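**Q**
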Amino acid sequence: MTDAAVHAVNPDQQVRTRLSGRQICKSFGSAQVLFDVSIDLMAGEVHALLGENGAGKSTLVKILSGYHQPSSGELVLDGAPVTFHDSEAGENHGVILIHQELNLAEQLTVEENIFLGREIKRGWFLDKATMRQEAAKLLSQLQCDVDPKTRIRDLSVSDRQMVEIAKALSKKADILILDEPTAVLTGREVDILFDQIRRLRDQGVAILYISHKLDEIKAIADRVTVLRDGRHITTEPVAGLEKDDMARLMVGRDIKQMFPDRTPGHAGDVALSVRNLSVDGQVRDASFDLRRGEVLGFAGIVGAGRTALMEAIIGLRERSSGQIERNGNPVAINSLQDAKKCGIAYLTKDRKGSGLLLNMEMRPNLTLLALEKFGRVIIDRKAEEAALEAAIEAFDIRAADRKSKVGDFSGGNQQKLLLAKVMETDPEIVIIDEPTRGIDIGTKSQIYHFIGDLTNRGKSVILLSSEMPEMLGLSDRIAVMAAGCITGILEGNDRNEHEIMRHATGISGKQGVSVHE
Amino acid sequence: MNSLERTERSASSGFTIDFKALGPFLALVGLFILGTAINEAFLSGGNLANIFTRAAFIGIIAVGATFVITAGGIDLSVGSMAAFISGAMIVVMNTLVATLGAGIETVLIGVVLSIVLGVGAGAINGLVSTKGKIEAFIVTLGTMGIYRSLVTYMADGGTLSLDFEVRGVYRPVYYGDVLGIPVPVLVFFAVAVAGYVLLNMTPFGRKCFAIGSNEQVARYSAIHVDRVKTMTYVIQGLCVSLATIIYVPRLGSASSSTGVLWELEAIAAVIIGGTMLKGGYGRIWGTVVGAIMLTTIGNILNLTDAISNYLNGAVQGLIIIVAVFLQRGDWRRKKSK
Amino acid sequence: MNSLERTERSASSGFTIDFKALGPFLALVGLFILGTAINEAFLSGGNLANIFTRAAFIGIIAVGATFVITAGGIDLSVGSMAAFISGAMIVVMNTLVATLGAGIETVLIGVVLSIVLGVGAGAINGLVSTKGKIEAFIVTLGTMGIYRSLVTYMADGGTLSLDFEVRGVYRPVYYGDVLGIPVPVLVFFAVAVAGYVLLNMTPFGRKCFAIGSNEQVARYSAIHVDRVKTMTYVIQGLCVSLATIIYVPRLGSASSSTGVLWELEAIAAVIIGGTMLKGGYGRIWGTVVGAIMLTTIGNILNLTDAISNYLNGAVQGLIIIVAVFLQRGDWRRKKSK
Amino acid sequence: DKIKIGVSIPAATHGWAGGLNWHAEQAEKRIEATYPNIDIIVVSANGASEQANDLEDLVSVQNIDALVVLPFESDPLTVPVQQVKQAGKFVTVVDRGLSLPGIEDVYVAGNNPELGRVSGEYIRERLNDEGKIVVLRGIPTTVDTERVDAFVETLDGSKIEILDMKHANWNRDDGYEVMQDFLSRFPKIDAVWAQDDDIALGVIEAVKQADRTDEMFIVGGAGMKDIIKRVMDGDKLTPIDVLYPPAMIATAIDITVMKFTSNAPVEGRYILGATVVTQDNAENFYFPDSPF
Ligand SMILES: Nc1ncnc2c1ncn2[C@@H]1O[C@H](COP(=O)(O)OP(=O)(O)OP(=O)(O)O)[C@@H](O)[C@H]1O
Ligand SMILES: Nc1ncnc2c1ncn2[C@@H]1O[C@H](COP(=O)(O)OP(=O)(O)OP(=O)(O)O)[C@@H](O)[C@H]1O
Ligand SMILES: [Mg+2]
Ligand SMILES: [Mg+2]
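Residue numbers (this note's numbering), protein chains in the order written: chain A, 45 to 561; chain B, 5 to 341; chain C, 5 to 341; chain D, 21 to 312.
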């Protein structure tokens, strides 16, 4: 067992515990979210932290790195008790946390964010040249070809995450904690990240890794700690655990069937038809049909233009050309309001930036998109409360306190609330962009079944996802995009990873032409 | 997490929120105690009526400002707008006396004109800033200069005075009372209630909160951001026009010095009341209390000669800071988080 | 995304930024053309020197305001602070004449006092708002009243007037020139350069941006948010004191009406220059141009008597709105996103 | 080339200053119509430093030959006016004298202490040296201080008690509110010195509202037509008004113009008294067409 845990450590390096949390308890107000949790992080080991949404993972790691103070319990660093008054103290002791929620100043550039608070100086002045060089070096290490001068607000979510990782790497961590770093990353980026994690581990860095993707845990972690409802359930080597075991430990029950049974070919008439839609510089000549009762997947590498296409359909981006038909009739959708009237709803992948009002409580967030349903003149609060009740039930939203700000919710619960918000409009067609980002495995399965139910009731779903199993497990057909073009729509047995990759890279199908020609 | 804990937590946070909401009221009560201590006349019916009547002007305007600020905007033009509307009302009513006589009709036309001008001026502020994509601060700074100039121009640098006969007819709108409550106070109350309902109980109000909180999220929630923002300026304009309608019969005149610095007072009332200057959170009752607080401070200073006149501003400034500090409510609790 | 796209994208955004940065300059050039068209004397050396010298006051204060606003704050007290500091300088220098005589020492002590007071007043604004957790709007509204009262009190309701002998010694600080460039313009230039360096080339400046952009992120990046914010107010105070140092020899006096509404002018200069009122993005050169634009508008209105004096404010308001509209720079491009 | 005369005055931010602007514009029209070779340029400022800017502009871009200036405040404008003088211009100063002697060629003086004194004397006489009064002051400036000091001095030695003095900023809204508060505070008030007609108008409304018109009388100042009309009509509330006419700017412009149109030597001091307007002489001071 212990052998397994330290298999990758340099032989000359002793197994040693770097940072421990002992009997950590944490309450916000009078709500306790952690109960006597203990955890040991060892040099040269990747330790995974598992648990359902709201189990307290993020809270625990924030305590370990000094962002929160424990209500009781203590931290032990290299055998001696230690108190981190703030995150700066934590970082000074080499404890670096990559937050689950992005923590970048949107109006600053990539380079400025990476070195924020630790600017490299020459004399009294910023050494911009060095910082730019360093930033470029860090980014290229992560094979991320973002220009360090780009402002964060102009970056895609996954690029932002890579910047966060670059920022953490630049800090020379002894103990590196990653809170769901891969939720917004693509497969390729995950591989790059894992290479970096292995490299650091081999250098003797202690790593704590949080993810809801159990494959990743299998692939990268040596030991795993499972939390449930704020309590420590177990800590054991990953080698001895199967994915199902982990899921059971987390959820406390078996997950029988991940995906709903979907009988292929039960799809009906065309509900939405898009013809020759283009967006300047982002999408070219996209055409597809969506049938009633089907899930149409959209696959493609990052920046292929999927989001741009969808936002153009629902009127959030300007189209340069193209027609849209609903049930065979042409419709003019020039704003999200028009789309809503046509029964189309859209779930954004950027829950923090465009999804939820973080400084407000759940109720107004839930009903914001479908306000008129709750009264055109006066909002019916009772109906809102009832809807909230129903949504909490249906989407299993676990908030300690209904009145607390959505920004204080755990990431997964925010995502569930966002899904509930979009569903509140009772749409005929749902476009969902990365619906299960940061969602635990139990809830994920619930969401998949929910999508299944939707289509069974004759509604249609467009699914944008970078998770291949999700794409394959849910979609009836899969449209693949590359460089702004739909390069193919895969049906039946063609729906497999290999075909998708071939189309996504432009090897096969309609040529993905550079959209900027 | 078990249900027991859940109840417990929400109970405690309920307390916190209540205390915060009570903050401005407590600060106001503090001021009243101070006032009474300084001069017993403070609590006399006449004085209280004076305070509330005066608070009505700034209060009505501040209710409008609450919408603008909640939705993330700002309006610096309200004072000049009030002066301009007063001026236009007086000019038109004086002209009408010749044809319609000094009757109710004349006053009514003046009132309608006021509303039209207020709504129009608000719409201009809103449309120029949203459609022209210019910071509201600049747009309303510009219109502030424009309206003030226009009234100066109309008055030829002097004062526009309402015809004395019309004044007689119009007078009760300011000096009258219903069951002993002055008309301006009633109007103030009505505007506050309407504002409260609109901001807290209607889809429109909800949208204001959403826009002030995060415009992008609002846009992704199918909200016509520009339209709602423009509407907040229109509401502000309407409130200015209502305030003007009760202002004109008070002294029956308008000049370039009418309404100077009202914008600052209105914004101060809003912020004292707990609305956030950056938008996303607004509180009508807070604003009402804020307006009354500002008026009360002025009144208290007039009731004592203990303080050198020259230091009035200093005392006023201090009281505002202390009152806001007290009303924040969390000074008693330890720094948390 | 292939690398071709990537390069192109960043190139295009580079262009936008350049155009945006040019915006205020273009608007200023437009104003200069307008001025010359109205009166040829506009371009005379004397007139230009006057414009730049005048812009120095408001400009220096506005450089400080750029820091405060970039870091997400606001300072309404600068005008009264200037009045108060002028007053204190005058009182002290007048007193010193008796002992030290009307020499350089007296002036120097006055200057040092000014800096101490400016820094102190700024620190008070900063500390009260950060430590007391009170909106900066309220705190500085309060101190605005306090400083204004203090100067009224010091002057006993009248005017504080600098000893005429001291004026003679002090005079060159305003009226002197170096190689033909007026001293205030040189000071303005130096302050602007220092401000530019501090805001754009030092860690401190970067922290201001970060705090204005997102306080939480700044806090998580080990930035001492309260300390940096307080520092921005201290810088603002220092700038006010520098502006005062060159102001005092100009008019040689201070009274309760000194510096009235300078805060509005300073903030307007900052916003016209392209800094965002909500914080997170500041531009010193924009502020400098903004201050010069405001002064130029005032000057242009004096070039002609075609416009009734009563309408000055309206023309001023219109020009400000139009200038900001033009300088936004994206009016030429189609709505994107 | 035309002879240019620059006129620099405070902006029309309150009633009296409004009257000032009106009279200046009227004078401009009248004189430019009479003398085609004279160009009058009126500029108005919102503060002392803005006025200093205006003076610079009048010299550098308008290239004036003469300046008529009513300083916003005496002291800060002393040096800027001196600059104009040093540039070789003819200078007429109105109302508020400069702090250094010998700068101006002509001084047309209003007389602020006189206004306070005359008002004080009237109140002493009316109250038979005994009673309770309240005072509403203007904006805390030298003008206000001079008036009030002289007023208080005049009351010395009488049994008249000044209950309190508060600033009403030459503004009728403030006048109304301050008076309301005086009325709630003091059960008995025999007279009000409002010092300025704008303030007086606010005071009148407050007294009427409190229904205490028979208890007291009000003394304003300046000569605003509304008040003059009341005096003329024999309103008991406003038995007199003390003149401080904004028309003095027109007088000053006329005198300055004479310098260029006649050979008579133009220089020296022209002091305007603070005339008391009573029902008997009110007609002479009532100009219904003036905006002030
Ligand atoms: N600042 C806070 N104030 C109040 N409650 C909080 C705060 N932070 C977290 N919580 C609550 O603590 C609980 C645990 O949250 P935490 O973010 O640790 O969950 P998590 O395990 O990371 O979940 P996820 O997988 O969804 O990210 C949640 O119920 C959350 O609402
Ligand atoms: N705000 C923006 N400014 C400039 N370019 C943008 C912006 N948003 C997206 N783009 C560019 O538009 C193109 C399409 O982006 P889009 O987000 O639609 O890709 P995607 O395939 O949906 O990516 P993902 O797989 O992350 O969902 C990309 O080149 C992207 O970089
Ligand atoms: Mg989490
Ligand atoms: Mg996308």
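Cβ coordinates follow ideal geometry from the N, Cα and C atoms, glycine included. Small disclaimer: the values here were computed from a predicted structure and weren't measured.
1) Would you mind sorting C:ASP79 into buried or exposed? The rule is 16 or more other CB atoms within 10 Å of its CB.
2) Please state whether the Cβ-Cβ distance between A:THR499 and A:GLY337 is less than 7 Å.
3) Going by the C-beta, is A:GLN458 closer than 6 Å to any heavy atom of ligand 3?
4) With a threshold of 16 other CB atoms inside 10 Å of the CB of D:ASP149, please say whether the residue is buried or exposed.
5) Among A:ALA87, A:ALA173, A:GLY528, which one has its Cα closest to the Cα of A:SER331?
6) Alpha carbon to alpha carbon, how far is B:VAL116 from B:LEU307? Give it in angstroms, no decimals.
7) May I ask you to list, following chain order, the residues of the segment 376-392 of chain A that have a beta carbon less than 8 Å from some beta carbon of chain B?
8) At 4 residues or longer, what runs of the alpha helix (DSSP H) sit wholly inside the segment 252-283 of chain B?
9) Alpha carbons only, please: which of D:ILE153, D:LEU97, D:PRO259 is nearest the one belonging to D:ILE182?
10) Run through the DSSP bridge pairs and tell me what A:ARG267 is partnered with.
11) Kindly list, in the order they appear in chain B, the residues whose Cβ is closer than 9 Å to that of D:MET185.
12) Would you list, in sequence order, the uninterrupted alpha helix (DSSP H) runs of no fewer than 4 residues that lie entirely inside the segment 350-397 of chain A?
13) Would you report the Cα separation of D:GLN102 and D:VAL128, rounded to the nearest angstrom?
14) Is the CB-CB distance between A:GLY517 and A:VAL524 below 7 Å?
15) Quick check on the DSSP output: what are the complete beta strand (DSSP E) runs of length 3 or more inside the segment 28-96 of chain C, in order along the chain?
16) Excluding five sequence neighbours on each side, which residues of the same chain lie with their C-beta closer than 8 Å to the C-beta of D:THR161?
17) Taking Cβ positions, are C:PHE56 and C:VAL170 nearer each other than 7 Å?
18) Kindly identify the DSSP beta-bridge partner or partners of A:ALA75.
19) So is C:ARG223 in contact with chain D if we call contact Cβ pairs under 7 Å?
20) Excluding the 5 residues preceding and the 5 following B:THR144 in the sequence, name in chain order all residues of the same chain whose CB lies nearer than 7 Å to its CB.
21) Which residue wins for smallest C-alpha separation from B:LEU248, given the options B:ASP230, B:GLY263, B:ILE239?
22) What's the C-alpha gap between C:GLY284 and A:ALA173?
23) With 16 other CB atoms within 10 Å as the buried threshold, where does D:ASP300 fall?
24) Please confirm whether C:ARG58 has its beta-carbon closer than 7 Å to some beta-carbon of chain D.
25) Indicate the three-state DSSP secondary structure (helix, strand or coil) for B:TYR285 in the structure shown.
26) Could you pull out every unbroken alpha helix (DSSP H) segment of at least 4 residues lying fully inside the segment 146-192 of chain A, listed in chain order?
27) What does D:LYS24 pair with, by DSSP beta-bridge criteria?
28) Relative to the C-alpha of D:ASP194, which residue among B:ILE311, B:ASN303, B:GLY27 is closest?
29) Pick helix, strand or coil for C:ARG152, following the three-state DSSP scheme.
30) My output table needs one value for A:SER255: the three-state DSSP class, helix, strand or coil.
31) Check the Cβ-Cβ distances between C:VAL173 and every residue of chain D, and say whether any is below 7 Å.
32) Whole angstroms are fine: how far does the CA of D:GLU197 sit from the CA of D:GLY222?
33) Helix, strand or coil for D:PRO259, going by three-state DSSP, please let me know.
34) How would you write the range of the beta strand (DSSP E) that D:ARG289 sits in, first residue to last?
35) Please go through the same chain and pick out, in chain order, the residues whose beta-carbon is closer than 6 Å to the beta-carbon of B:ARG152, but skip the five residues on each side of it.
36) At a Cβ threshold of 7 Å, is A:ILE107 touching chain B?
**A** Taking the structure as given:
1) Under this definition C:ASP79 is a buried residue.
2) yes
3) no
4) exposed
5) A:GLY528
6) 38 Å
7) SER379, LEU380, GLN381, ALA383, LYS384, TYR390, THR392: these are the residues of the segment 376-392 of chain A whose beta carbon lies less than 8 Å from some beta carbon of chain B, given in chain order.
8) 266-276
9) D:ILE153
10) A:HIS91, A:PRO281
11) ASP309, ASN313
12) Those alpha helix (DSSP H) runs which fall completely within the segment 350-397 of chain A and span 4+ residues are 350-357, 380-385.
13) 17 Å
14) no
15) none
16) Closer than 8 Å at Cβ, skipping near neighbours: GLU93.
17) no
18) A:PHE72
19) no
20) If we look at B:THR144 and ignore the five residues flanking it on each side, its Cβ neighbours are ILE78, ASP79, LEU80, SER81, ASN129.
21) According to the sequence displayed, residue 248 of chain B carries Thr and not Leu. When each option's Cα is compared against that of B:THR248, the closest is B:GLY263.
22) 23 Å
23) exposed
24) yes
25) DSSP places B:TYR285 in coil when its eight states are reduced to three.
26) 154-158, 172-185
27) D:ASP59
28) B:ASN303
29) helix
30) coil
31) no
32) 8 Å
33) coil
34) 288-291
35) SER84
36) no
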